[in-house]
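**Student:**
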Amino acid sequence: METRGTRIGLGVATVAVIAFLWLPLLLIMAYAFNSSTIQSWPISGFTLHWFREAWHDPEVRRSVELSLKVGLAATAIALVLGTAAAAAIYRFRFFGREAVSFLLLLPIALPGIITGMALNSFFNFGGVQLSMWTIVAGHATFCVVIVYNNVLARLRRSSPSLIEASMDLGADGWQTFRWVIWPALSTALVAGGLLAFALSFDEVIVTTFTAGAQTTLPIVNAIVFVVILATVIPVTIAQRLTGDTGVLRRGAAASKAAAAATGGGAV
Amino acid sequence: MAVEERIEQSPERAAEPSGTPDVRLERVTKRFDDVVAVDDLSLEIERGSFFALLGPSGCGKTTTLRMIGGFEEPSAGVIYLGDHEVSGTPPYKRDVNTVFQSYALFPHLSIFENVAFGLRRKGTRGGNLKGKVEEMLDLVQLSGYGRRKPRQLSGGQQQRVALARALVNSPRVLLLDEPLGALDLKLRKEMQLFIKRLQHDVGITFIHVTHDQEEAMTMADRIAVMNRGKIEQLGGPDDLYERPQTAFVAGFLGISNLLTGEVSGRDTVRLGDGTTIRVRADALDGRSGRVAVGIRPEKIRPDDQDPNALQGVVRERAYIGVSTQYIVETRYGNVTVVVLNDRPGSIPHSPGDHLTLSWDPEATFILDPMEEPA
Ligand SMILES: Nc1ncnc2c1ncn2[C@@H]1O[C@H](COP(=O)(O)OP(=O)(O)O)[C@@H](O)[C@H]1O
Ligand SMILES: [Mg+2]
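Going down the list, the protein sequences come from chains E and U.
For the first sequence, position 217 (counting from the first letter as 1) is numbered 217 according to the working numbering, and the numbering increases by one without interruption.
For the second sequence, position 132 (counting from the first letter as 1) is numbered 1132 according to the working numbering, and the numbering increases by one without interruption.
1) Could you check the C-alpha separation between U/Val1140 and U/Leu1153 for me, to the nearest Å?
2) Whose CB is closer than 6 Å to a heavy atom of ligand 1? List the residues in chain order.
3) By the three-class DSSP mapping on this structure, what secondary structure does E/Leu128 have?
4) With U/Asn1128 as the anchor, note down where its alpha helix (DSSP H) starts and where it stops.
5) Where does E/Phe102 fall in DSSP's three states?
6) Considering only residues of the same chain and omitting the five flanking positions on each side of E/Val224, which have a CB-CB separation below 6 Å?
7) Kindly say whether E/Glu164, judged by its beta-carbon, lies nearer than 8 Å to any beta-carbon of chain U.
8) I need the DSSP call for U/His1354, collapsed to helix, strand or coil.
9) Hey, is the region 224-233 of chain E in contact with the region 98-109 of chain E, meaning 3+ C-beta pairs nearer than 8 Å?
10) In the DSSP assignment, what are the bridge partners of U/Met1226?
11) Pairs of beta-carbons, one from the region 1251-1265 of chain U and one from the region 1340-1355 of chain U, closer than 8 Å: are there three or more?
12) For U/Arg1172, does the count of other Cβ atoms within 10 angstroms reach 16, so buried, or fall short, so exposed?
13) Please report whether the beta-carbon of U/Ala1292 lies at a distance below 8 Å from any beta-carbon of chain E.
14) How would you label E/Ile114, buried or exposed, when you count the other beta carbons within 10 angstroms and need 16 or more for buried?
15) Apart from the five residues on each side of it in sequence, which residues of its chain come closer than 7 Å, Cβ to Cβ, to U/Pro1090?
16) Closest to E/Ala196 by CA distance: which of E/Arg52, E/Leu79 and E/His49 is it?
17) Taking the alpha-carbon of E/Leu26 as reference, which of E/Gln239, E/Asn221, E/Leu241 and E/Arg240 has the nearest alpha-carbon?
18) In this structure, does DSSP put E/Arg178 in helix, strand or coil?
19) Measuring only between beta-carbons, confirm whether E/Ser44 sits less than 8 Å from chain U.
20) Per DSSP, U/Tyr1332 forms a beta bridge with which residues?
21) In chain E, what lies closer than 8 Å to U/Gly1055 by C-beta?
22) Assign U/Lys1189 to one of three DSSP states: helix, strand, or coil.
23) Using the beta-carbon of each residue, which ones in chain E are nearer than 7 Å to U/Val1354?
24) Can you find a CB in chain U that lies within less than 8 Å of the CB of E/Leu169?
25) Helix, strand or coil for E/Arg61? Go by DSSP, reduced to three states.
26) List, in order along the chain, the chain U residues whose C-beta lies closer than 7 Å to that of E/Val180?
27) Counting contacts by CB-CB distance shorter than 8 Å, is U/Arg1121 in contact with chain E?
28) Shorter than 8 Å from the beta carbon of U/Phe1112 to some beta carbon of chain E?
29) What residues in the region 1059-1071 of chain U have a beta carbon less than 7 Å from any beta carbon of chain E?
30) Between the Cα of U/Arg1121 and the Cα atoms of E/Ile146, E/Asn34, E/Arg178 and E/Gly11, which residue gives the shortest distance?
31) Cβ of U/Val1328 versus every heavy atom of ligand 2: is any distance shorter than 7 Å?
32) Between U/Asn1169 and chain A, is the shortest Cβ-Cβ distance under 8 Å, so that the two count as touching?
33) Am I right that U/Arg1315 and U/Ile1327 are in contact with their C-beta atoms under 8 Å? What's the rounded C-beta distance?
34) Shorter than 8 Å from the beta carbon of E/Asp172 to some beta carbon of chain U?
35) I need the boundaries of the beta strand (DSSP E) containing U/Arg1066, first residue and last residue.
36) Excluding five sequence neighbours on each side, which residues of the same chain lie with their C-beta closer than 8 Å to the C-beta of U/Met1370?
As structure tokens, this is what we get:
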């Protein structure tokens, strides 16, 4: 039972956490429009000057271009590998199944720098030149997990009897995929892809501008503003897509109710 | 009759000699690791019949059904659909459709498209498709619901969509796995009669799995009572109830009173204290030695009007509305008696009353004696 006190306490805590996460971001986003180069509150005047500067800065351009390419490539790889891994884990019981699941999830928990260092020495060891593709490989490690998690969650939520029903009604493996599995998975794939892209996209820019740092601060603010939007928008869409699965959830609830009813219905 | 004509027979089915069973299982066994789910089971199901597999949870009903549908392969034994052996044939090539316990309607498709799913896979298109689907929706009293999504329908309606989706393919056999399990009691009773009528109208063989003996008896022409992967007894509802052959069947289909004794003649059994009771000669069937005589509670009268009589004292009384149930203590243990409350103002017997119980020898059945009664 939750009392009025705990409810208020939880409410306050939630607001505090959200403020902690979002206030710095909102502050930086506001500075992007600051007409002064000195960051002080309140901002001295409104300007779009820094956005123009950023747009014409060749270095910024190059890094945004790179981010886009890396993000798209990493997402594409993640969609293929993540889906395949989820399908295998869901469908087959094999030796080491739990271990595979654990190994896939690990990169999220490890600090990015560890993964980066590990990959770096791996590439050095193999004599691979650092390039866009080595960055893609690095990003794919966590993008795969995102897609994998989304697809696996969707698979687990949809009833296996849908596949049997489809086969029962004369659909072979391919037709069942085309008409039953794909429609159920497609939104999970789009959501997973968007999330993966959002994660990858900001990574490059953040790296460039926290490491390089010859760029003047207000330009960075403008870039941060764009990056935040480029992250928030796909994540929001992804949230909506994964939330819109009432149908599948209802299906699962119905079968659970059925199981309960037949379990207890005997006289 | 009209409906029967609408359901087309496949040419393959029409060519079979009449009397070929629609489904035949020959010594089928299914093992899961160390569990024997179905144990050397043989079974024939006559064309056009309503057949029920009845038994407690875990006795292997679903596994049997899934082997007929092609979702599991037998570990041993052979399954025939008509005169075709179907080992290794995948579900989508079997002339069988299933109504799943959870309905398994496709959530992203409309009701129309759910019902059309099987026809589309077979290449039916256009007006022919539309006509068949609508006819089927009409048959399950859901015309006008075609554009809705499954989630917009009640449980009973979803159930009928699942029936339509399977029947529209006019399969050789329709498999139903506890199809009414998720419905409340009142709706379940309605659907029992609805499905029975539907089966009668379409003339397709139905195999219905249930753990509810009343449901099986209401719906089926023939019932196989299963226990631990085997068929204990197969027969019509009245055979099973009036003439159970094993204690398990007798107990599963209702309450029965069992008196143990020694066969003392063509149609007599002598109880422990020397009292002789008369039984059905054909039930005794030349047996000798110890047997258990069974009598259903409603076959016993609380008076001495029938040939077999027993003295006892009422211990408990439960008023059930349509009837009253008494537990009567006798020399042979407690006997359950059910008396119909069919007369206004009839005076019930009270705990402590002495009572004479009697029954007709025709109402008895004979089982192997049990280990000493618990
Ligand atoms: N896929 C499976 N793997 C392992 N054991 C199973 C599987 N399916 C069924 N069983 C076992 O087989 C037995 C019969 O199950 P089932 O056919 O579902 O019974 P029922 O439908 O009569 O309740 C049970 O002991 C069950 O646990
Ligand atoms: Mg079952």
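Glycine included, every Cβ here is placed at the ideal spot set by N, Cα and C.
**Tutor:** Result, derived from the coordinates:
1) 14 Å
2) U/Phe1032, U/Val1035, U/Ala1037, U/Gly1055, U/Ser1057, U/Gly1058, U/Cys1059, U/Gly1060, U/Lys1061, U/Thr1062 and U/Thr1063
3) Just to set this straight, residue 128 of chain E is Val in the shown sequence, not Leu. DSSP places E/Val128 in coil when its eight states are reduced to three.
4) Gly1126 to Leu1139
5) helix
6) Ile28
7) yes
8) strand
9) no
10) U/Ile1231
11) no
12) buried
13) no
14) exposed
15) Gly1070
16) E/Leu79
17) E/Asn221
18) helix
19) no
20) None, per the DSSP bridge assignment.
21) Within 8 Å Cβ-Cβ: nothing; U/Gly1055 doesn't reach chain E, min ~11 Å.
22) helix
23) Rather than Val, the amino acid found at residue 1354 of chain U in this sequence is His. Simply none; closest approach about 32 Å.
24) yes
25) helix
26) Phe1106
27) yes
28) no
29) Gly1069 and Phe1071
30) E/Arg178
31) no
32) This model lacks chain A altogether; the protein chains it does include are E and U.
33) 5 Å
34) yes
35) Careful: U/Arg1066 lies outside any beta strand (DSSP E), inside the alpha helix (DSSP H) at Lys1061 to Gly1069.
36) Ala1247, Leu1258, Thr1260 and Ala1292
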